Structure formats: C-alpha cells, structure tokens
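Trainee: Before we start, here is the structure in question, set down as structure tokens.
Protein chains: 2
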Amino acid sequence: MKDGPLIASVAALLGDPARANMLTALMDGRALTATELASAAGVMPQTASGHLTKLRSARLLEVEQQGRHRYFRLSGPDVAQVLEALMGLAQRTGAVRVRTGPRDEALRVARRCYDHLAGEKGVILFDSLRRQGFITDSEKPCLTDTGRMFLTQFGIDIAAVEHARRPVCRACLDWSERRHHLGGALGAAVLQTMTSRGWIVSGLGRVLLFSSSGQSAFQAVFA
Amino acid sequence: MKDGPLIASVAALLGDPARANMLTALMDGRALTATELASAAGVMPQTASGHLTKLRSARLLEVEQQGRHRYFRLSGPDVAQVLEALMGLAQRTGAVRVRTGPRDEALRVARRCYDHLAGEKGVILFDSLRRQGFITDSEKPCLTDTGRMFLTQFGIDIAAVEHARRPVCRACLDWSERRHHLGGALGAAVLQTMTSRGWIVSGLGRVLLFSSSGQSAFQAVFA
DNA sequence: TTCATGGTTCGGTGTTAACCGAAGCATTCA
DNA sequence: TGAATGCTTCGGTTAACACCGAACCATGAA
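Just so you know, the sequences run in chain order B and V. At the far end of the first sequence sits residue 223, using our numbering, and the numbering has no gaps. At the far end of the second sequence sits residue 446, using our numbering, and the numbering has no gaps.
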C-alpha cells in the first residue's frame with residue numbers, strides 16, 4: 001500500500017520554499033556555488049548546506065568540487081522537466097502570480113528552459129521546424145535529411161549533436177504556452193548557435209532578450 | 224526570482240504521504256469517495272477530509288456530490304501527468320521500491336485496485352475480453368451482446384451490474400503493467416465472482432492470491 | 001605559519017501541520 | 001419519525017523540520 005510515499009519523498013523535497021528557489025535558480029542548467037544558492041533561497045549558508053545535502057542524497061543535484069568552491073547543478077534534464085511541469089500546474093490552478101510587470105512579459109516571450117529556447121519564440125521555432133519538414137511530426141520527433149541540411153547550413157555541427165548521449169530531439173512542454181517546444185541536444189545546439197550569432201543579447205538568468213537584428217533574423221528564418 | 228514558492232506550494236501538497244496516496248489512487252481517472260480515499264491513504268476520515276479540502280482548494284481535485292457521497296477526481300490529465308513525471312523521477316533517483324521479496328512479486332501478478340482485479344492478471348483479463356469481442360475496443364469500452372451472454376454464464380448478474388450507478392466498464396490504467404485493466408461495476412463483479420468461485424484464496428490486503436485450481440481455471444477461460 | 005574564505009556539523013528554538021477523539025450536519029433508509 | 005451512514009468541523013497532542021548562532025574542517029593566499 002505504500003506506493004504513495006515514493007512520490008511523496010521527492011515531492012516533499014520540492015515542497016520547501018528554500019529548496020524550490022534553489023532548484024528554479026538551477027533550471028537553466030548552470031552550476032552554482034553553495035553560497036550563491038543560499039542567497040537565491042534567502043537563507044543562511046548553514047541552512048542552505050542542509051538543504052543541499054538533502055537534494056544531493058536524493059540525487060536531484062550533482063556536485064562538483066573546484067578549489068574551495070562546490071558547484072551544484074541539476075542531475076539531469078528530467079529534473080528540470082518536472083519543475084516545468086509543476087510550474088504549469090501551479091499556474092493553471094491559479095495559486096500563483098498574476099503575470100504582471102515587464103519581466104514576466106519578457107519571460108513569456110523567450111526564456112531558457114534548462115539549456116534550450118522556451119516561451120513564445122520556442123514554440124514558434126518548433127512549429128516552424130515541423131511545418132518545413134525538418135523534423136517529423138510525432139510525439140517523439142526525429143531529424144529528417146532536409147533538416148540535417150538546413151541545420152548544418154544554419155551553423156550547427158549535426159554530427160556532434162547526433163553523437164551526444166542525450167536524445168537529439170525532444171518535445172518539451174512549455175508551461176506558459178501550453179504547447180511543445182524543442183528540447184534535447186538539438187534544442188541546446190540551436191540556442192547556442194543563436195547566441196553565438198548575436199541574435200540574443202542577454203543570456204543572464206532565465207530571460208532571453210533578442211537583439212533587434214536577431215529578432216528580424218529569427219522572424220525571417222522561422223516565421 | 225520568487226517563482227520558487229509558486230511551485231513549492233503545489234509540491235508541498237504532493238509531499239505528504241497521505242495526500243500522495245490519495246492522488247495515486249485517483250491516477251486512473253476514476254472518482255472515489257472520501258472514505259475510500261481515507262482507507263487508501265491509511266488515515267481516519269477526519270484527517271482525510273482535511274487533506275481533501277486542501278487538495279480541492281488548490282484545484283488539484285474536483286468534487287461531485289451524489290446523494291450522501293462525495294466523489295473526488297483529479298481536476299485534469301495534467302495532474303496525472305505531473306504525478307507520472309514525479310514517479311519517473313523518483314524511480315530514476317532510486318529513492319524507491321526495491322521490488323524484493325515475494326510480496327512485491329505477488330503484488331505485480333495480481334492485486335486489488337479499489338474493488339477490481341489489477342496487475343498482470345488484470346491486464347490479461349481485459350485483453351481477453353476485448354479479443355473475444357465481449358467488450359468494445361474503445362477508450363471507453365462497452366459491453367456487447369455476446370459479452371452479456373458470456374458473463375451471465377460466468378455467473379454475473381448483468382442486470383444488477385448495468386443498473387448500478389457507476390459506469391459498467393472502465394479502462395483503468397495499471398501502474399505496474401502500464402496498460403489498461405477492467406474497472407467499473409463489471410470489473411468489481413468479475414472479481415467478486417472469482418472470489419466466490421474459490422479462484423482466489425487470499426483477498427486480504429491488496430495482494431490477490433490464486434488457488435491452483437483457480438489459476439488453471441483462469442488460464443482456461445481467459446488465456 | 002598565519003589569516004581569510006567557503007562549507008560543514010552541532011545544539012537549541014520555534015513553527016508548522018498531521019493526526020485522532022469527539023461532536024456536529026446532512027442525507028438516506030426503515 | 002428515528003436510526004444509520006457519509007462527511008465535516010473543532011480542540012488538543014505530538015512529531016517533524018526549517019532556521020540560526022556558534023564552533024569546526026578544508027582550501028588558498030599572505
């Protein structure tokens with residue numbers, strides 16, 4: 001009968017505000033130090049340390065020691081995915097923030113979901129790739145031959161992407177748009193290329209801000 | 224950056240073992256009464272009532288009053304999806320079931336899901352009924368005429384089943400098999416008949432143990 | 001070595017909330 | 001109408017745990 005606690009133990013970890021803040025701070029895939037996470041959570045370092053050991057022993061976080069710093073990162077994209085799903089649920093149930101202020105607006109337009117593009121722009125990108133036949137239109141999308149050509153021309157090293165350990169394509173549910181956007185190794189590569197092309201001027205935090213030239217370039221290629 | 228607590232409040236709700244048990248009991252989409260959920264969670268009705276109001280005011284559950292019963296169901300498929308995602312995560316992180324001992328094995332073979340048969344045997348039963356054309360092959364299966372004849376001969380009072388307030392047939396998702404088994408009034412009637420026929424020797428708890436004669440009879444009729 | 005910094009472990013305090021007994025409505029059945 | 005059932009509200013108890021102050025390791029710099 002005890003098959004509830006199974007999810008309960010994990011959920012309880014996410015249920016503490018301090019820990020939730022830490023995890024959301026890590027959602028973009030960066031690795032942060034313990035003190036950074038403490039300030040993100042708004043607690044003293046000792047308290048943060050306790051939380052971090054808990055998250056680590058539950059294998060939600062990985063740690064990497066570098067000098068006298070300890071860098072924490074999410075143990076995988078699935079953790080970020082669960083967090084996104086919870087955000088979506090929290091939003092639907094209305095227990096939440098009322099989408100005001102320019103920051104929230106910007107967040108809705110384009111943001112970083114783990115390491116790929118999410119929000120309005122993310123959905124547009126995903127739809128465009130499917131519509132043009134660059135990826136298949138299934139639950140679990142695949143890259144097509146024409147897609148390989150197009151993306152190589154776009155500046156992506158397809159061989160490297162397909163050689164990565166993660167799945168190439170992934171349909172990731174967008175919590176603000178309620179539709180899918182592109183995740184996986186390819187999603188990460190696309191975001192990376194956009195950034196190196198100068199389309200995106202601000203990559204700090206989760207908000208992604210497009211330059212005006214990047215904006216029109218994105219429009220031209222994907223809309 | 225205060226979008227952490229947002230998810231924290233929802234996650235905290237899922238973080239309590241009693242509530243988690245209730246929600247997993249509802250994952251198949253059925254609606255259960257408050258007392259049923261109390262027993263599923265292993266708590267007294269008063270305690271369950273408190274949990275249910277919390278889940279309801281967070282819009283994770285919907286309630287429907289019918290006579291002096293109150294039926295609770297998940298407020299949408301997205302809730303079930305989040306629960307599934309959490310289960311996946313819990314499984315990956317290894318914070319979970321070790322599936323050792325004969326009890327877990329027996330649980331996987333045949334168990335009681337609310338009041339009907341679940342597990343390996345439950346899936347076999349469901350498939351057999353569909354394959355033989357006794358129920359239709361849709362999302363929401365229906366009893367056919369040949370099905371009525373067969374089940375009457377099997378010893379079930381079909382008129383009573385079809386006169387019950389609950390739906391007759393229900394495709395109920397099996398958490399160990401990841402496929403559907405038979406729920407609803409008919410599912411309950413089938414289990415009841417099997418028990419009264421002596422096919423099942425131990426009906427205590429959730430584990431259902433088949434007698435050797437019952438085992439071969441089940442095999443003959445449904446495999 | 002000595003000092004400073006990043007992290008941790010160790011007590012003690014305070015708040016939260018799950019739990020149950022008992023009593024209270026509401027609905028159905030006899 | 002009275003009895004039984006399903007569910008809820010109320011009060012008090014208990015256990016868990018987040019939080020911080022203080023002291024304690026480790027690493028790197030002076």
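Backbone N, C-alpha and C fix where the C-beta goes; we use that ideal spot for every residue, glycine too. For clarity, every value in this text was computed on a predicted model and none was experimentally measured.
Between Ala244 of chain V and the rest of its own chain, which residues show a CB-CB distance below 8 Å, the 5 nearest in sequence each way excluded?
Mentor: In the sequence on display, residue 244 of chain V carries Asn and not Ala. Cβ neighbours of Asn244 of chain V beyond the five flanking positions: Ala263, Ala264, Gly265.
Trainee: In the DSSP assignment, the beta strand (DSSP E) including Ala341 of chain V goes from what residue to what residue?
Mentor: Ala341 of chain V -> beta strand (DSSP E) spans 339-341.
Trainee: With distances taken from CA atoms, which of B:Ala34, B:Leu74, B:Ala38, B:Ala11 is nearest Met27 of chain B?
Mentor: Checking every option, the nearest Cα to that of Met27 of chain B belongs to B:Leu74.
Trainee: Distance, Cα to Cα, Ala303 of chain V vs Leu366 of chain V?
Mentor: About 27 Å.
Trainee: Per DSSP, which one or two residues make a beta bridge with Glu62 of chain B?
Mentor: B:Arg73, per the DSSP bridge assignment.
Trainee: Of the choices B:Phe154, B:Val168, B:Tyr71, B:Leu117, whose alpha-carbon is the least far from that of Leu186 of chain B?
Mentor: Leu186 of chain B has its Cα closest to that of B:Val168, out of B:Phe154, B:Val168, B:Tyr71, B:Leu117.
Trainee: If you measure beta-carbon to beta-carbon, which residues of the region 231-264 of chain V are closer than 7 Å to chain B?
Mentor: Against chain B - using a Cβ distance shorter than 7 Å - the residues of the region 231-264 of chain V are Ala231, Ser232, Val233, Ala234, Ala235, Leu237, Gly238, Asp239, Pro240, Ala243, Asn244, Thr247.
Trainee: What separation, rounded to the nearest whole angstrom, lies between the Cα atoms of Leu237 of chain V and Met310 of chain V?
Mentor: Taking the straight line joining both Cα atoms gives about 12 Å.
Trainee: Tell me, to the nearest whole angstrom, how far the beta carbon of Ala261 of chain V is from that of Ala248 of chain V; I am working on the premise that it is less than 8 Å.
Mentor: The Cβ separation is near 10 Å, so there is no contact.
Trainee: Smallest Cα separation from Lys140 of chain B: which of B:Gln153, B:Leu89, B:Leu182?
Mentor: Among B:Gln153, B:Leu89, B:Leu182, the Cα nearest to that of Lys140 of chain B belongs to B:Leu182.
Trainee: Near Pro17 of chain B, which residues of its chain fall below 7 Å by C-beta distance, leaving aside the five closest residues on each side in sequence?
Mentor: Within the same chain, Pro17 of chain B has no close Cβ partners at all.
Trainee: Answer yes or no: do Leu89 of chain B and Val305 of chain V have a C-beta to C-beta separation smaller than 8 Å?
Mentor: Taking 8 Å as the Cβ cut-off, Leu89 of chain B and Val305 of chain V qualify as a contacting pair.
Trainee: For Ser232 of chain V and Gly147 of chain B, what's the separation of their Cα atoms in angstroms?
Mentor: Their backbone Cα atoms lie some 42 Å apart in a straight line.
Trainee: Looking at the secondary structure, which residues open and close the alpha helix (DSSP H) in which Val221 of chain B lies?
Mentor: It spans 212-222 - the alpha helix (DSSP H) in which Val221 of chain B sits, taken as one unbroken run.
Trainee: How is the alpha helix (DSSP H) around Gly183 of chain B delimited, first residue to last?
Mentor: Per DSSP, Gly183 of chain B belongs to no alpha helix (DSSP H); it is in the beta strand (DSSP E), 180-183.
Trainee: Taking only the alpha-carbon atoms, compute the straight-line gap between Arg293 of chain V and Pro268 of chain V and give it to the nearest angstrom.
Mentor: Computed Cα separation, rounded: 13 Å.
Trainee: Between Arg205 of chain V and chain B, is any beta-carbon pair separated by less than 8 Å?
Mentor: Residue 205 of chain V lies beyond the stretch modelled for chain V, which goes from 224 to 446, so this question has no answer here.
Trainee: For Arg111 of chain B, I'd like the list of residues in its chain whose CB is within less than 7 Å of its CB, leaving aside the five on either flank, ordered along the chain.
Mentor: For Arg111 of chain B, where only same-chain residues beyond five positions count, the Cβ hits under 7 Å are Ala118, Gly119, Arg206, Val207, Leu208.
Trainee: How close, in whole Å, do the beta carbons of Leu55 of chain B and Arg19 of chain B come, if the pair is a contact with beta carbons under 8 Å?
Mentor: The pair is a contact, with the Cβ atoms about 6 Å apart (cut-off 8 Å).
Trainee: Helix, strand or coil: how does DSSP classify Arg393 of chain V here?
Mentor: Three-state DSSP puts Arg393 of chain V in a strand.
Trainee: Skipping 5 residues on each side, what residues in its chain have a beta carbon closer than 8 Å to that of Ala164 of chain B?
Mentor: Excluding positions up to five away in sequence, the list reads Ala185.
Trainee: Is the Cβ-Cβ distance between Ile156 of chain B and Val190 of chain B less than 8 Å?
Mentor: Closer than 8 Å, so yes.
Trainee: On the criterion of 16 or more Cβ atoms from any shown chain inside 10 Å, does Glu162 of chain B qualify as buried, or is it exposed?
Mentor: Glu162 of chain B should be labelled exposed.
Trainee: Taking the beta carbon of Val321 of chain V as the centre, do at least 16 other beta carbons fall within 10 Å, making it buried, or is it exposed?
Mentor: Residue placement at Val321 of chain V is flagged as unreliable, the pLDDT there being 38, under the threshold of 50; the coordinate-derived value follows with that caveat. By the 10 Å Cβ count, Val321 of chain V comes out exposed.
Trainee: Going by beta carbon distance, what residues of the same chain come within less than 7 Å of Ala106 of chain B, once the five residues before and after it are set aside?
Mentor: Within the same chain, Ala106 of chain B has close Cβ partners Val207, Leu209.
Trainee: Chain B beta carbons: is any one of them nearer than 8 Å to that of Gly324 of chain V?
Mentor: Only weak support exists for where Gly324 of chain V lies, its pLDDT of 36 falling under 50; the value from the coordinates is given anyway. No, no contact with chain B.
Trainee: Just the C-alpha distance for Ile381 of chain V and Met372 of chain V, rounded to the nearest angstrom, thanks.
Mentor: When rounded, the distance between both Cα atoms is 9 Å.
Trainee: Please report whether the beta-carbon of Met310 of chain V lies at a distance below 8 Å from any beta-carbon of chain B.
Mentor: Closer than 8 Å: yes.
Trainee: Taking only three categories from DSSP, how would you classify Thr316 of chain V?
Mentor: The answer is coil: DSSP assigns Thr316 of chain V none of H, G, I, E or B.
Trainee: If I'm right that Phe377 of chain V touches Thr416 of chain V with Cβ under 8 Å, what's the distance once you round it to whole angstroms?
Mentor: Rounded, the Cβ-Cβ distance is 6 Å, consistent with contact.
Trainee: Roughly how many angstroms separate the alpha carbons of Leu229 of chain V and Val444 of chain V, rounded to a whole number?
Mentor: The alpha-carbon atoms of Leu229 of chain V and Val444 of chain V are separated by roughly 52 Å.
Trainee: For Pro300 of chain V, is the classification buried or exposed, using 16 other Cβ atoms within 10 angstroms of its Cβ as the cut-off for buried?
Mentor: Exposed, by the Cβ-count rule.
Trainee: Please list, in chain order, the chain B residues whose beta carbon lies closer than 8 Å to that of Arg315 of chain V.
Mentor: Those within 8 Å of Arg315 of chain V in chain B are Arg59, Gly76, Asp78.
Trainee: Nearest chain V C-beta to Leu6 of chain B closer than 8 Å, yes or no?
Mentor: With 8 Å as the cut-off, Leu6 of chain B counts as an interface residue toward chain V.
Trainee: Would you mind sorting Asp115 of chain B into buried or exposed? The rule is 16 or more other CB atoms within 10 Å of its CB.
Mentor: With 16 or more Cβ atoms within 10 Å of its Cβ, Asp115 of chain B is classed as buried.
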